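Scroll down for the structure; my scribbles are underneath it.
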Amino acid sequence: MTRIATLGPKSSDAYNAAKQYDPEAEIMLYNRASDAVEAFTKGQTDLALIPVYNTREGEVKEYFRLVSKLDGYWIDNVVLPIHLSLGRVFPDDGSNVPIDVVVGRTSVLRQCEDYIDSNFPHATLMGVTSIDKPFQDIIDKQRYSHAVIDSEELVKSYGFNLAEREVVSHNRTRFAVIGKKPAESTGYDATALITRPLNDRVGMLADILGEFTRRGINIQDLQSENDIQTQKLRIYIEFEGHINQKELADTVDSLENNVIQETGSIKLLGSFPRVDMRVKKIKSFGFIGSGDMSLWFADKLQHEGYETTVTGRTSEIRPEQMIREVDVVVICVPISVTADTIKKYGAMLQAGQALIILAGESENTLQTAMTVTDPAVEIMFVHNLWGPQILSMKDKNAIVVRTPRSGSFCSEFEAFLYKHGADIYHDSAQKHDLLMGVGQKLPTTISVALAKTLAKHAIGCDDIGSHSTLTSLYGILAMARVHNQNPRTYAEIMATKGDGRKIVKTFAENLLEIVKMAENEDIHGICELMEKNKDFMTPEFLQARMKQAKAVDNVLSDGGLKTYI
25 MTRIATLGPK
35 SSDAYNAAKQ
45 YDPEAEIMLY
55 NRASDAVEAF
65 TKGQTDLALI
75 PVYNTREGEV
85 KEYFRLVSKL
95 DGYWIDNVVL
105 PIHLSLGRVF
115 PDDGSNVPID
125 VVVGRTSVLR
135 QCEDYIDSNF
145 PHATLMGVTS
155 IDKPFQDIID
165 KQRYSHAVID
175 SEELVKSYGF
185 NLAEREVVSH
195 NRTRFAVIGK
205 KPAESTGYDA
215 TALITRPLND
225 RVGMLADILG
235 EFTRRGINIQ
245 DLQSENDIQT
255 QKLRIYIEFE
265 GHINQKELAD
275 TVDSLENNVI
285 QETGSIKLLG
295 SFPRVDMRVK
305 KIKSFGFIGS
315 GDMSLWFADK
325 LQHEGYETTV
335 TGRTSEIRPE
345 QMIREVDVVV
355 ICVPISVTAD
365 TIKKYGAMLQ
375 AGQALIILAG
385 ESENTLQTAM
395 TVTDPAVEIM
405 FVHNLWGPQI
415 LSMKDKNAIV
425 VRTPRSGSFC
435 SEFEAFLYKH
445 GADIYHDSAQ
455 KHDLLMGVGQ
465 KLPTTISVAL
475 AKTLAKHAIG
485 CDDIGSHSTL
495 TSLYGILAMA
505 RVHNQNPRTY
515 AEIMATKGDG
525 RKIVKTFAEN
535 LLEIVKMAEN
545 EDIHGICELM
555 EKNKDFMTPE
565 FLQARMKQAK
575 AVDNVLSDGG
585 LKTYI
């Protein structure tokens, strides 16, 4: 039988958490977390279970000090709703003596601060490490002016009257399970480490965080505290992923050897199934469309703990079946068939579900979705301006078009994009399509026309670089990029409906006008035109983009890159 060391008494939150983790285990109870950890370290128990975080109290500071001496591995977690009630005893005559002393474990009193301040602002608070004796003392000495806050089960077990149930809401505690061997990867994990006391160095914390940021690794928790004995800084970090992943192992190695530069400066506490103390409303996503972008998003969502199903023309499970089983349906198909796909499957969604459209054209697709779906179905449009070849969303643009029917499911998906570093911009459907004319439709059209022009005049690709300025090189790079990828994607960008077509048409008209001015050698007229254009563009825009262009110039003019031009 497994033996678990945790905090007592019987029926305490820690006891209930241990029972939830292993109902058949023998629970060894201690008054202090340090005693429970010591019993585990000495081999008196197989596991230890101690509180590390409470949604109202925050981090349990004592844990921070205990983990640095931990002889074992953090292997799992238990999250337990904490139901606290106010109990007291009454005199035999039933009189209601005013409460002037509130007794509870120190952590419980911290969780109930708002309740106590509102209901017993003048009461004396008595924080204790063990609750058994105070319960008995109140009974034996008939302390009718004393009340105790703890679990309803424990209050009742001592024969106290329940003066008030559930004195605090949204109260949950996370307990760490400590074992002798590291936990295996589950695919949805987190890893925790703590540093030894560190020598002072300017920028140490920023450099440590930078190692995670540049690798796209999300930090879930970060604490720092001065070591009591040396007063040197210690840092605790909990981050997403399992230490068996090469990228994470390399990160920890780089922290120790390149950033901190002290051998043995990091203690790995363990990897364990990830815990999200936030309440997620979405459990599952289903994709219609089995292309690379769908698979990319599905993988990212799986690592956030969501269930995902990808369906397509050749998938074993059909979209019709999938739709009935998920919370959110995501349509991610070629632009030219997005509206038709919505027409085919939109009516199958029911109230309480959401439809998220991942596409490059919004006005037509959203209008179709609003028409064919149940009015109680949430709807949102997202245009991710990146492809499936990128590793992270960080600093990538995402255009979000919310509708009057975008609810909590849509907000949770938007929060997922934000968490992973996407730069989110909110548009109307019309504005999105118009700006995509500038951002995608026009540059793609120019790239294809430029390639055709080079071919018509038999200009060899080897000659382009030698006769290009850094400014003209931008267009050539865009041309190469467009023609080096899936042509259908760019053909659909150019062929989509919506206000973006206005941009290309207007550009073509203006191009012909400028060509005519140039052929007539109207230098003065062209200069006047450019001055008018500058008046339209703000100085702030011109200065910011000039700095950006110079930064690109510096990269392109680097000697190591010239061989590629």
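According to our numbering, the sequence shown is numbered sequentially starting from 25. Yeah, the Cβ is synthetic: ideal placement off N, Cα and C, and Gly gets one too. Only a predicted model underlies this, so the values are computations on that prediction, with no experimental measurement involved.
Discussion item. For a test of your reading of the model: does the CB of R189 fall under 7 Å from any non-hydrogen atom of the ligand PLP? Yes or no.
Written reply: Looking for the ligand PLP in the displayed structure turns up nothing, as the structure carries no ligands at all.
Fill in: Environment of K540 [buried if 16+ CB atoms lie within 10 Å]
Looking at its Cβ environment, which holds fewer than 16 other Cβ atoms inside 10 Å, K540 is exposed.
Discussion item. Closest to R505 by C-alpha separation, out of L535, V472, D164, L536, would be which residue?
Written reply: V472
Discussion item. In this structure, how does DSSP classify E198 when only helix, strand and coil are distinguished?
Written reply: Looking at the sequence provided, one finds Arg at residue 198 rather than Glu. Strand, per DSSP.
Discussion item. Considering only the alpha carbon of each residue, which of R80, P105, V61, S169 lies closest to G96?
Written reply: V61
Worksheet item: For L90, which option in V406, A200, M394 has the closest C-alpha, if you only look at C-alpha atoms?
Response: A200
Fill in: Buried or exposed by the 16-neighbour rule on C-beta atoms within 10 Å, applied to F405
buried
Worksheet item: Helix, strand or coil for I341 per DSSP?
Response: coil
Item to complete: Can you give me the Cβ contacts of G499 inside the same chain, cut-off strictly under 8 Å, excluding the 5 residues immediately before and after it?
Response: I470, S471, L474
Fill in: L466 (DSSP reduced to helix, strand or coil)
helix
Discussion item. With the cut-off set at 8 Å, would you say F263 and F296 are in Cβ contact?
Written reply: no
Fill in: Cβ separation of I173 and V191, assumed to be a contact under 8 Å, to the nearest whole Å
Contact flag correct, Cβ pair sits at about 7 Å.
Worksheet item: Looking at the structure shown, is I589 part of a helix, part of a strand, or coil, going by DSSP?
Response: Confidence in I589 is poor, its pLDDT being 49 and thus under 50, which makes the residue's placement unreliable; the coordinate value appears in the next sentence. I589 falls in the coil class under three-state DSSP.
Worksheet item: Q247 lies in the alpha helix (DSSP H); which residues open and close that run?
Response: Per DSSP, Q247 belongs to no alpha helix (DSSP H); it is in the beta strand (DSSP E), 243 to 250.
Worksheet item: Exposed or buried, what is E48 when buried is set at 16 or more other beta-carbons lying within 10 Å of its beta-carbon?
Response: E48 is exposed by the Cβ-count criterion.
Discussion item. By the DSSP assignment, the beta strand (DSSP E) with Y449 in it spans what residues?
Written reply: 447 to 450
Worksheet entry | Secondary structure of T477, DSSP reduced to three states | helix
Discussion item. Contact between the segment 328 to 342 and the segment 309 to 316 is defined here as three or more beta-carbon pairs at a separation below 8 Å; is this criterion met?
Written reply: In short, these stretches touch, since the Cβ pair count reaches three.
Discussion item. What residue range does the beta strand (DSSP E) around K291 cover?
Written reply: Counted as a single uninterrupted DSSP element, the beta strand (DSSP E) harbouring K291 occupies residues 290 to 297.
Discussion item. Can you list, in chain order, the residues of its chain with a C-beta nearer than 8 Å to that of R342? Leave out the 5 residues immediately preceding and following it.
Written reply: T335
Worksheet item: To which residues does DSSP link F311 through a beta bridge?
Response: V334, V354
Worksheet item: Would DSSP call G128 helix, strand or coil?
Response: Here G128 sits in strand by DSSP.
Fill in: S248, buried or exposed, once every other Cβ within 10 Å from all chains shown has been counted against 16
By the neighbour-count rule (16 or more Cβ atoms within 10 Å), S248 is not buried but exposed.
Worksheet item: In the structure shown, what three-state DSSP assignment does M150 receive?
Response: strand
Discussion item. Does the contact criterion of 3 or more C-beta pairs under 8 Å hold for the segment 101 to 115 versus the segment 181 to 196?
Written reply: The segment 101 to 115 is in contact with the segment 181 to 196.
Discussion item. Could you tell me the alpha carbon to alpha carbon distance between H481 and A573, rounded to whole angstroms?
Written reply: 29 Å
Worksheet item: Between T338 and the rest of its own chain, which residues show a CB-CB distance below 8 Å, the 5 nearest in sequence each way excluded?
Response: Excluding residues up to 5 positions away in sequence, S314 lie with their Cβ nearer than 8 Å to the Cβ of T338 in the same chain.
Discussion item. Going by DSSP, what residue range makes up the alpha helix (DSSP H) through I140?
Written reply: Start and end: 137 to 143.
Worksheet item: If you scan the segment 406 to 431 from start to end, which runs of the beta strand (DSSP E) of 3 or more residues do you find wholly inside it?
Response: 421 to 426
Worksheet item: If you draw a straight line from the alpha carbon of T397 to that of A216, how long is it in whole angstroms?
Response: 45 Å
Worksheet item: Between which two residues does the alpha helix (DSSP H) carrying N534 extend?
Response: 524 to 543
Worksheet entry | Burial state of G549 (16 or more Cβ within 10 Å) | exposed
Practice prompt. Give, in chain order, every unbroken run of the alpha helix (DSSP H) that is at least 4 residues long and sits entirely within the segment 179 to 243.
Written response: 228 to 237
Worksheet entry | C-alpha gap between K214 and L279, whole angstroms | Before going on, a small fix: residue 214 reads as Ala here, not Lys. Their Cα atoms are separated by approximately 17 Å.
Worksheet item: Is T69 near I28, with beta carbons less than 8 Å apart?
Response: yes
Worksheet item: From M561, K34, L553, pick the residue whose C-alpha is nearest to that of S154; which is it?
Response: K34
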